[in-house]
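>
Number of protein chains: 2
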Amino acid sequence: MTSAVRPPARILLVDDHALVRRGVRLILDGEPDLEVVAEAGDGAEAVAAARSDDGLDLAVLDIAMPRMTGLQAARELARLRPGLRILMLTMYDNEEYFFEALRAGANGYVPKSVADRDLVEACRSALRDEPFIYPGAETALIRSYLDRVRSGAGLPERPVTEREEEILKLVAEGHTSKEIGDLLFISPKTVERHRANILQKLGLRDRLELTRYAIRAGLIEP
Amino acid sequence: MTSAVRPPARILLVDDHALVRRGVRLILDGEPDLEVVAEAGDGAEAVAAARSDDGLDLAVLDIAMPRMTGLQAARELARLRPGLRILMLTMYDNEEYFFEALRAGANGYVPKSVADRDLVEACRSALRDEPFIYPGAETALIRSYLDRVRSGAGLPERPVTEREEEILKLVAEGHTSKEIGDLLFISPKTVERHRANILQKLGLRDRLELTRYAIRAGLIEP
DNA sequence: CTGTCCATCCGTGCCGGCACCCATGCGCGA
DNA sequence: TCGCGCATGGGTGCCGGCACGGATGGACAG
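Chain order of the listed sequences is V and S.
The first sequence begins at 277 in the numbering used here and counts up by one.
The second sequence begins at 277 in the numbering used here and counts up by one.
1. How do the stretch 282–290 of chain S and the stretch 469–481 of chain V stand: do at least 3 beta-carbon pairs fall below 8 Å, yes or no?
2. Under the DSSP definition of a beta bridge, which residues are partnered with I362 (chain V)?
3. Using the rule of at least 16 other Cβ atoms within 10 Å of the residue's Cβ for burial, across every protein chain shown, is E356 (chain V) buried or exposed?
4. Please state whether the Cβ-Cβ distance between A335 (chain V) and L353 (chain V) is less than 9 Å.
5. At 8 Å on the CB atoms, spell out the chain V contacts of T466 (chain S), in chain order.
6. On the criterion of 16 or more Cβ atoms from any shown chain inside 10 Å, does D318 (chain V) qualify as buried, or is it exposed?
7. Using three-state DSSP, classify T466 (chain S) as helix, strand or coil.
8. Determine, using beta carbons only, whether L363 (chain V) and V386 (chain V) come nearer to each other than 9 Å.
9. Which value, in whole angstroms, describes the spacing of the CA atoms of R488 (chain V) and E315 (chain V)?
10. Note down, in chain order, all residues in the stretch 308–322 of chain S with a beta-carbon under 7 Å from any beta-carbon belonging to chain V.
11. Start and end of the beta strand (DSSP E) containing E502 (chain V)?
12. For K445 (chain S), which residues from the same chain have a beta carbon less than 7 Å from its beta carbon, with the 5 sequence-adjacent residues on both sides left out?
13. Could you pull the DSSP bridge partners for Y385 (chain S) from this structure?
14. Round the Cβ separation of D329 (chain V) and D291 (chain V) to the nearest angstrom and send it over; I've been treating them as touching at under 8 Å.
15. Could you please tell me which residues of the stretch 480–494 of chain S, in chain order, have their CB closer than 8 Å to any CB of chain V?
16. Take H470 (chain S) as the anchor and find which of S:V436, S:F461, S:E406 has the nearest alpha-carbon.
17. Skipping 5 residues on each side, what residues in its chain have a beta carbon closer than 8 Å to that of R301 (chain S)?
18. Mapping DSSP to helix, strand and coil, what is I287 (chain V)?
19. Between V436 (chain S) and chain V, is the shortest Cβ-Cβ distance under 9 Å, so that the two count as touching?
20. Measuring only between beta-carbons, confirm whether L395 (chain V) sits less than 9 Å from chain S.
21. Using the Cα positions of S453 (chain V) and E485 (chain S), report the straight-line distance between them to the nearest angstrom.
22. So H293 (chain S) contacts chain V; which residues on that side make the cut at Cβ distance below 9 Å?
23. Within the 9 Å Cβ cut-off, does E414 (chain V) reach chain S?
24. Sorted by chain position, which residues of the same chain lie with C-beta nearer than 8 Å to T415 (chain V)'s C-beta, five sequence neighbours on each side aside?
25. When the distance is taken between beta carbons, is A340 (chain S) closer than 9 Å to A377 (chain S)?
26. Please list the terminal residues of the continuous alpha helix (DSSP H) segment that includes I491 (chain V).
27. So if I threshold CB-CB distances at 9 Å, which residues from the stretch 324–348 of chain V count as touching chain S?
28. Is there a C-beta anywhere in chain V that falls below 9 Å from the one on L444 (chain S)?
29. Thinking C-alpha only, which one of V:G384, V:A391, V:A325, V:V396 is nearest E406 (chain V)?
30. Between L295 (chain S) and R327 (chain V), what straight-line distance do the alpha-carbon atoms span, to the nearest angstrom?
31. My guess is that V390 (chain S) and E307 (chain S) are in contact by the Cβ rule of under 8 Å, so how many angstroms apart are they, rounded?
32. Considering only C-alpha positions, which residue in the set V:L475, V:G331, V:I443 is nearest to F461 (chain V)?
33. Kindly list the residues whose CB is nearer than 7 Å to the CB of P464 (chain S), restricted to its own chain and excluding five residues on each side of it in sequence; keep chain order.
34. What first and last residue would you give for the alpha helix (DSSP H) that runs through G319 (chain V)?
35. Less than 9 Å between the C-beta atoms of E440 (chain S) and K477 (chain S), yes or no?
36. Would you say L459 (chain V) lies against chain S (beta-carbon separation less than 9 Å)?
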């Protein structure tokens with residue numbers, strides 16, 4: 277009860293599944309140095325919570341959420357509270373998501389497939405601002421990341437332009453070239469040209485992969 | 277330590293995310309009458325666990341899992357251990373999967389959006405063989421279900437057959453008809469025939485909508 | 001000013017998705 | 001037994017995705 281020990285880190289927990297929130301909360305609250313002080317069920321609530329409480333140390337964010345995805349929320353939170361650490365918690369151990377998360381301002385990335393100890397350690401790492409003491413098993417991802425950092429390349433740029441992203445979304449939503457052309461008042465051929473450039477830049481094969489990319493990146497909802 | 281009290285129900289917990297398993301386990305083990313005695317990370321492991329332990333009372337199954345989905349596992353478990361109660365735990369409060377779960381032999385259906393108390397109550401209901409004391413908030417689903425039962429219509433027909441679901445997944449993953457045909461040792465024309473039937477049954481327009489449907493339904497990962 | 005990047009557009013050609021048409025064999029329930 | 005649903009296969013034809021080739025004008029930096 278004295279203040280001899282450092283007070284526990286104040287954590288905002290964001291997941292659209294109450295059950296998952298409860299479970300993660302039980303895991304985190306079991307640690308003396310961690311304390312969940314707020315919960316949110318989607319990105320908008322998370323932003324609201326961070327706006328009303330400036331004493332938060334860490335946000336644990338699920339990626340797949342309705343309305344505002346975790347990635348969108350992360351961008352917003354990073355803008356709103358630059359001091360807030362962000363840990364992405366996700367179903368996907370996918371490399372695409374990993375870099376999307378970094379670009380969105382995340383300090384850490386934890387797949388839900390990890391054990392509870394790893395989550396706790398990831399929280400502590402993020403709180404110490406250690407960028408990526410990575411909770412096991414993600415060696416391929418880590419190696420790739422570290423390679424890029426060491427080679428001085430920094431984070432890979434997202435190559436698509438604004439216009440291309442606009443077309444990307446519309447294509448991923450299932451519109452044909454003609455529909456998109458009508459919508460944007462350009463020729464369907466131009467749409468196809470953009471689409472081809474996007475596919476080439478992102479290393480994708482067709483609209484279908486593009487759709488899944490857009491969903492992963494939080495650009496559209498499934 | 278005496279046997280004056282009824283021993284706790286022996287539960288098999290199945291989810292592909294270790295973190296979710298851990299959280300749910302903490303919730304269930306906190307109840308004196310519930311005890312998680314086995315865990316599995318996919319459907320195949322779940323079946324193996326049920327095969328090697330005939331004293332299980334309840335299986336809590338996630339629907340969206342790699343390799344064998346929770347629905348397939350539920351069918352197998354219901355066949356293997358008729359006395360075993362099955363509770364489906366899922367991200368989706370989708371009507372399709374609600375009825376699909378019932379058909380697969382589930383005694384209960386709990387979205388992950390419910391609170392922990394509701395999960396506990398759903399477990400107890402399933403263990404008492406009470407078919408659907410439903411954990412709150414699913415009024416639309418419940419109402420629809422009750423309406424159908426009251427109107428004597430019974431369960432709606434399963435929209436897609438097993439074979440069709442198999443093709444559905446492969447199509448949604450981006451394989452061409454020829455690839456799928458080679459994979460399943462059937463003609464690409466048959467694949468196209470199935471695909472056409474699926475699109476018609478589900479009211480979808482093309483592969484792209486089908487992909488998003490499959491992602492929503494948890495059949496594939498983005 | 002010149003080069004580069006971006007957005008805009010065009011033609012040609014292949015291939016696959018998808019909509020129609022058709023038939024066969026099998027199992028199951030009315 | 002007869003129909004029905006399911007899985008299997010085929011044919012034809014249109015259209016759109018996508019690859020490949022080309023061009024132009026405008027913005028901005030070196």
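Note that the Cβ used here is the ideal one computed from N, Cα and C, for glycine as well.
Model, not experiment: these values are computed from the prediction.
If we stick to the structure as given:
1. Short answer: they don't touch.
2. Looking at the DSSP assignment, I362 (chain V) forms a beta bridge with V:A335.
3. It should be pointed out that residue 356 (chain V) corresponds to Leu in this sequence rather than to Glu. Exposed.
4. Their beta carbons are under 9 Å apart, which means A335 (chain V) touches L353 (chain V) by this criterion.
5. Within 8 Å Cβ-Cβ: nothing; T466 (chain S) doesn't reach chain V, min ~21 Å.
6. Sixteen is the threshold: when 16 or more other Cβ atoms of the shown chains lie within 10 Å of the Cβ of D318 (chain V), as they do, the residue is buried.
7. Note: T466 (chain S) maps to helix in three-state DSSP.
8. Yes, Cβ-Cβ distance for L363 (chain V) and V386 (chain V) is below 9 Å.
9. Each residue's Cα considered, the two are about 29 Å apart.
10. Cβ contacts with chain V: none found.
11. An answer regarding residue 502 (chain V) cannot be provided, because it is not within the stretch 277 to 498 covered by chain V.
12. Shown here for K445 (chain S): same chain residues with a beta carbon closer than 7 Å to its own, the five before and five after excluded, namely A490, L495, I496 in chain order.
13. Y385 (chain S) is bridged to S:M364.
14. No, D329 (chain V) and D291 (chain V) are not in contact; Cβ-Cβ is about 18 Å, not under 8 Å.
15. Listed in sequence order: R481, D482, R483, L484, E485, T487, R488, I491, R492.
16. Residue S:V436 is the option with its Cα nearest to H470 (chain S).
17. Only L289, V312, E315 meet the Cβ criterion.
18. Three-state DSSP puts I287 (chain V) in a strand.
19. Not one chain V Cβ lies under 9 Å of V436 (chain S).
20. Chain S, which has a Cβ nearer than 9 Å to the Cβ of L395 (chain V), makes this yes.
21. Distance from the CA of S453 (chain V) to the CA of E485 (chain S), rounded to the nearest whole angstrom, comes to 16 Å.
22. Below the 9 Å Cβ cutoff, chain V contributes V296, M367, P387, K388, S389, V390 as neighbours of H293 (chain S), in chain order.
23. For E414 (chain V), the predicted model reports a pLDDT of 49, less than 50, meaning its position is unreliable and no value from the coordinates is stated.
24. Residue confidence for T415 (chain V) is low, a pLDDT of 49 falling below 50, so the modelled location carries little weight; the figure read from the coordinates is stated next. Closer than 8 Å at the Cβ level, and outside the excluded window around T415 (chain V), lies no residue.
25. A377 (chain S) places its beta carbon 9 Å or farther from that of A340 (chain S).
26. 483–492 is the extent of the alpha helix (DSSP H) around I491 (chain V).
27. With the criterion set as a beta carbon lying under 9 Å from some beta carbon of chain S, the members of the stretch 324–348 of chain V are A340, in sequence order.
28. At a cut-off of 9 Å between C-beta atoms, L444 (chain S) does not count as an interface residue with respect to chain V.
29. Minimum Cα distance to E406 (chain V) is reached at V:G384.
30. Using only the alpha carbons, I get a separation of about 28 Å.
31. The pair is not a contact, with the Cβ atoms about 15 Å apart (cut-off 8 Å).
32. Closest option to F461 (chain V), Cα to Cα, is V:I443.
33. These residues qualify, in order along the chain: S453, K454, G457.
34. For G319 (chain V), the enclosing alpha helix (DSSP H) stretches over residues 319–328.
35. Yes, Cβ-Cβ distance for E440 (chain S) and K477 (chain S) is below 9 Å.
36. No, because no Cβ of chain S sits closer than 9 Å to the Cβ of L459 (chain V).
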